[in-house]
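Per the UniProt record's numbering, residue 1 is the first one in the sequence shown, and the count goes up by one each step. Where is the CB? At the ideal position from N, CA and C, for every residue including glycine. This report concerns only the one structure given below.
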Amino acid sequence: MTKKSTPLIRGSVSDRERSLAPDLARGFMLLLIVLAHAPLLLFGTTPGVLGDFGRPEGVSSVDKVVDFVALLFVDSRAYPMFAALFGYGLAMMVGRQLASGTSELEVRRLLRRRSLFLLLFGLVHFVIIGGADILAFYGVAGLLVGWLLFRENRMLIRALLFVGLLYLILIPLAWVGIASTLVGESMDRGISATTTYAEVALEHLIAFPFVPLFQLLLWPILLPILVGIWAARKHLLDKPQAQYKLLRRIAIIGIPISVVGGLPRAMIEAQLWEPTSAIIGLAAAVHILTGLAGGLGYGAMFGLIGARVSRIKASGHTGMVAWCLAAMGKRSLTFYIYGEAMLVIILSPVAFGLGGMLHSTGAAIVAVLVWLSGVGLASLLEFKGLRGPADALLRRLVYRNRGRRQENGSMNLTK
Numbered sequence: 001m002t003k004k005s006t007p008l009i010r011g012s013v014s015d016r017e018r019s020l021a022p023d024l025a026r027g028f029m030l031l032l033i034v035l036a037h038a039p040l041l042l043f044g045t046t047p048g049v050l051g052d053f054g055r056p057e058g059v060s061s062v063d064k065v066v067d068f069v070a071l072l073f074v075d076s077r078a079y080p081m082f083a084a085l086f087g088y089g090l091a092m093m094v095g096r097q098l099a100s101g102t103s104e105l106e107v108r109r110l111l112r113r114r115s116l117f118l119l120l121f122g123l124v125h126f127v128i129i130g131g132a133d134i135l136a137f138y139g140v141a142g143l144l145v146g147w148l149l150f151r152e153n154r155m156l157i158r159a160l161l162f163v164g165l166l167y168l169i170l171i172p173l174a175w176v177g178i179a180s181t182l183v184g185e186s187m188d189r190g191i192s193a194t195t196t197y198a199e200v201a202l203e204h205l206i207a208f209p210f211v212p213l214f215q216l217l218l219w220p221i222l223l224p225i226l227v228g229i230w231a232a233r234k235h236l237l238d239k240p241q242a243q244y245k246l247l248r249r250i251a252i253i254g255i256p257i258s259v260v261g262g263l264p265r266a267m268i269e270a271q272l273w274e275p276t277s278a279i280i281g282l283a284a285a286v287h288i289l290t291g292l293a294g295g296l297g298y299g300a301m302f303g304l305i306g307a308r309v310s311r312i313k314a315s316g317h318t319g320m321v322a323w324c325l326a327a328m329g330k331r332s333l334t335f336y337i338y339g340e341a342m343l344v345i346i347l348s349p350v351a352f353g354l355g356g357m358l359h360s361t362g363a364a365i366v367a368v369l370v371w372l373s374g375v376g377l378a379s380l381l382e383f384k385g386l387r388g389p390a391d392a393l394l395r396r397l398v399y400r401n402r403g404r405r406q407e408n409g410s411m412n413l414t415k
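This is the structure in structure tokens:
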């Protein structure tokens, strides 16, 4: 007996259905991402103790301070937040479709189609644009764990525990091995002033099939995706007022754990501590694992902020900062790609090549300026009632113009 399939009853999320807290979190998340990725395009610097896996050696005291702060609050803290919001968006998408009457079979097809198109977007982003890509991994993740979206909480918790235990074992082993290989070796940056666009594109094309596997094994990105699915079932961000105490607890516990866990690696990369290669690897592993707590803590913090802003908005006042940040968050796919593209254009040797002259401080300034320009563009799109171009394209490809037409809706990467 075959399952009956019904067409999609509805399209993607509309503006009326959107929640403020997730969009605020996405807007802030995009700042963390460009801050984390900008140093990867510096090629006039000396690699740090972890080579291309870490930050370059700071030249000035200001550079060392910037690196120290970034390792405590940004690096390996941005992607867990990104991943959790991605999982949250998947769960909300599936929940809305099922609640509207779309059959489970058709929702599974929708999820599979979305995952495959994210893989395609990731290919274009990584090979053609040359940015540091996470889109392809999210496509793979959707195919790997999408079935959990249709299972009960008990199965989801089991998967969380299994994946968490696996990473607790795998991450330290992997990073001790990486550090043992890199420390003491003569290292160069992966790019130089003579690197051409064709060389980068070809290298990325060859590497593309392996990048999602590499990300799966060396960074616990799958775990926050599962946490995001769990959080969506608890409505932590779309109904933050009802979960205020839990959100506060997650933020108060998660962010300090992240800061403390980041201290050893921050001290090492700031050249305040010179331990053995095994300790460097363990410090990197602890930094990555505790970054999960930081990313989730940031997400919870924006749940709290979203609850407060919603109360203020209900009284008839709308803060300009929150409005601009949410405008960017609504278009997170577009402005993720925009941020990566601008970093490549400004810093990489295939375009303006400022990465050959700047160090950590300059890269951070460029990242902030790129993000601010994105906020301005997103605000303009919001004012004109327009979707982000990449978000709109993904929406058309995934939904195939099926379901009811929803005006002013936007489908972003994490929704």
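- On the DSSP bridge assignment, give the partners of Gly51 in chain order. Here residue 51 refers to the residue found at position 51 when the sequence shown is read from its first residue. Beta-bridge pairing links Gly51 to Gly48.
- Task: Taking Leu347 as the reference, give the member of Glu199, Ala266, Ala193 with the closest Cα.
- Result: As a working mapping, residue 347 is identified with position 347 in the sequence shown. Residue Ala193 is the option with its Cα nearest to Leu347.
- Apart from the five residues just before and just after Val74, which ones in its own chain have a Cβ nearer than 6 Å to its Cβ? Walking along the sequence shown from the start, residue 74 turns up at place 74. Excluding residues up to 5 positions away in sequence, Leu32, Leu35, Ala36 lie with their Cβ nearer than 6 Å to the Cβ of Val74 in the same chain.
- If we ignore side chains and look at the alpha-carbon of each, how far apart do Glu104 and Tyr138 end up? Within the sequence shown, numbered from 1, the residue matching residue 104 stands at position 104. Within the sequence shown, numbered from 1, the residue matching residue 138 stands at position 138. Rounded to the nearest angstrom, the two C-alpha atoms are 21 Å apart.
- Rounded C-alpha distance that separates Gly297 from Ile252: In the sequence shown, residue 297 corresponds to position 297, counting from 1. In the sequence shown, residue 252 corresponds to position 252, counting from 1. Between Gly297 and Ile252, the C-alpha separation is close to 7 Å.
- Query: Which value, in whole angstroms, describes the spacing of the CA atoms of Ser410 and Ala293?
  - Reply: Residue numbering aside, residue 410 sits at position 410 when the sequence shown is read from its first letter. Residue numbering aside, residue 293 sits at position 293 when the sequence shown is read from its first letter. Reliability of the predicted coordinates at Ser410 is poor, the pLDDT of 40 falling under 50, and no value is obtained from them.
- Item | Neighbourhood of Glu203 by C-beta distance below 7 Å, restricted to the same chain and skipping five residues each side | Taking the sequence shown and counting its residues from 1, one reaches residue 203 at position 203. Nothing listed; no residue qualifies.
- Message: Here's the rule I'm using: 16 or more other beta-carbon atoms within 10 Å means buried, otherwise exposed. How should Thr290 be labelled?
- Response: Taking the sequence shown and counting its residues from 1, one reaches residue 290 at position 290. Thr290 is buried by the Cβ-count criterion.
- Message: Helix, strand or coil for Trp219? Go by DSSP, reduced to three states.
- Response: For the purposes of this step, residue 219 is identified with residue 219 of the sequence shown, where counting begins at 1. Per DSSP, reduced to three states, the secondary structure at Trp219 is coil, with no helix or strand assignment.
- Please name the residue in Val350, Tyr336, Pro264, Gly295 whose C-alpha comes closest to that of Ala367. Mapped onto the sequence shown, residue 367 falls at position 367. If you compare the alpha carbons of Val350, Tyr336, Pro264, Gly295 with that of Ala367, the shortest gap goes to Tyr336.
- For Arg273, name the three-state secondary structure that DSSP assigns. For the purposes of this step, residue 273 is taken as the residue at position 273 of the sequence shown. A quick correction: the sequence has Trp, not Arg, at residue 273. Coil, per DSSP.
- Task: Return the chain-ordered ranges of every alpha helix (DSSP H) run that is complete within the region 25 to 105 and spans a minimum of 4 residues.
- Result: Taking only runs of at least 4 residues, the alpha helix (DSSP H) segments lying wholly in the region 25 to 105 are 61 to 73, 78 to 100.
- Query: Nearest-angstrom Cα distance between Pro349 and Arg308?
  - Reply: As a working mapping, residue 349 is identified with position 349 in the sequence shown. As a working mapping, residue 308 is identified with position 308 in the sequence shown. Their Cα atoms are separated by approximately 44 Å.
- If you run the structure through DSSP and keep just helix, strand and coil, what is Arg387? Position 387 of the sequence shown, counted from the start, is the residue given in the question as residue 387. Arg387: coil per DSSP, three-state reduction.
- Item | Unbroken alpha helix (DSSP H) run spanning Leu237, endpoints | To locate residue 237, count along the sequence shown from 1; it is residue 237. It is not in any alpha helix (DSSP H) - Leu237 carries neither H nor E in the DSSP assignment.
- Item | Asp23 vs Lys245 beta-carbon contact at 8 Å | The residue you call residue 23 lines up with position 23 of the sequence shown. The residue you call residue 245 lines up with position 245 of the sequence shown. No, Cβ-Cβ distance for Asp23 and Lys245 is not below 8 Å.
- Below 8 Å on the Cβ atoms is my guess for Ala285 versus Trp175; work out the distance and round it to an integer in Å. The residue labelled residue 285 in the question sits at position 285 within the sequence shown. The residue labelled residue 175 in the question sits at position 175 within the sequence shown. With 8 Å as the limit, Ala285 and Trp175 qualify as a contact, their Cβ atoms being about 4 Å apart.
- Can you list, in chain order, the residues of its chain whose CB lies under 8 Å from that of Arg112, leaving out five sequence neighbours each side? As a first step, residue 112 is located in the sequence shown; it is residue number 112 there, counting from the start. Within the same chain, Gly142, Leu143, Gly146 come within 8 Å of Arg112 by CB-CB distance, once the 5 residues on both sides are set aside.
- Item | Local conformation of Val350 per DSSP, three classes | Translated into positions along the sequence shown, residue 350 becomes position 350. Three-state result, Val350: coil.
- Task: Can you tell me which of Ala300, Ile365, Ala392, Gln271 puts its alpha carbon nearest to the alpha carbon of Ser61?
- Result: To locate residue 61, count along the sequence shown from 1; it is residue 61. Each of Ala300, Ile365, Ala392, Gln271 was checked against the Cα of Ser61, and the nearest Cα belongs to Gln271.
- Message: Which of the three DSSP states is assigned to Thr194 in this structure?
- Response: The residue you call residue 194 lines up with position 194 of the sequence shown. If DSSP states are grouped into helix, strand and coil, Thr194 belongs with coil.
- Check whether the Cβ atoms of Asp63 and His359 lie closer than 8 Å to each other. On the sequence shown, position 63 is the one that residue 63 refers to. On the sequence shown, position 359 is the one that residue 359 refers to. For Asp63 and His359, yes; Cβs fall inside 8 Å.
- Which one of Leu120, Phe126, Phe208 has the shortest CA to CA distance from Glu340? The sequence position of residue 340 within the sequence shown is 340, counting from 1. Just measuring C-alpha positions, the residue of Leu120, Phe126, Phe208 sitting nearest Glu340 is Phe126.
- Task: Would you check if there are 3 or more beta carbon pairs closer than 8 Å linking the region 220 to 227 to the region 148 to 166?
- Result: Contact holds: three or more Cβ-Cβ distances are below 8 Å.
- Would you call the CB atoms of Asp133 and Val211 closer than 8 Å? Here residue 133 corresponds to residue number 133 of the sequence shown, with the count starting at 1. Here residue 211 corresponds to residue number 211 of the sequence shown, with the count starting at 1. Going by beta carbons, Asp133 and Val211 fall inside the 8 Å limit.
- Query: Is Ile229 helix, strand or coil by DSSP?
  - Reply: Within the sequence shown, residue 229 is the residue found at index 229, counting from 1. It is helical.
- Nonlocal neighbours in the same chain, by C-beta distance under 8 Å from Met357, ignoring five residues either side: On the sequence shown, position 357 is the one that residue 357 refers to. Apart from the 5 residues on each side of it in sequence, Met357 sits with its Cβ closer than 8 Å to the Cβ of Gly44 in its chain, given in chain order.
- Message: Within a Cβ cutoff of 6 Å, which residues of the same chain sit near Gly299, ignoring the five residues on either side of it in sequence?
- Response: Start at 1 with the first residue of the sequence shown, and residue 299 comes out as number 299. A distance below 6 Å between beta-carbons, with the five flanking residues on each side excluded, links Gly299 to the following residues of its chain, in chain order: Ala25, Met81, Ala84.
- Query: Does the Cβ of Ile128 have 16 or more other Cβ atoms within 10 Å, making it buried, or fewer, making it exposed?
  - Reply: If you number the sequence shown from 1, residue 128 lands on position 128. Its Cβ having fewer than 16 others within 10 Å, Ile128 is exposed.
- Contact under 8 Å by Cβ, Ile221 with Gln215: The residue you call residue 221 lines up with position 221 of the sequence shown. The residue you call residue 215 lines up with position 215 of the sequence shown. Yes; because the gap between Cβ atoms is below 8 Å, this pair is in contact.
- Task: To the nearest angstrom, report how far apart Leu41 and Ser100 are at their CA atoms.
- Result: In the sequence shown, the residue the question calls residue 41 occupies position 41. In the sequence shown, the residue the question calls residue 100 occupies position 100. In a straight line, the C-alpha of Leu41 is about 45 Å away from that of Ser100.
- Query: If you count every other CB in all the chains shown that lies within 10 Å of the CB of Arg249, and 16 or more means buried, which is it?
  - Reply: As a position in the sequence shown, residue 249 is number 249, starting the count at 1. Result: exposed.
- Item | Three-state secondary structure (DSSP) of Met357 | Taking the first residue of the sequence shown as position 1, residue 357 is located at position 357. Correct three-state label for Met357: coil.
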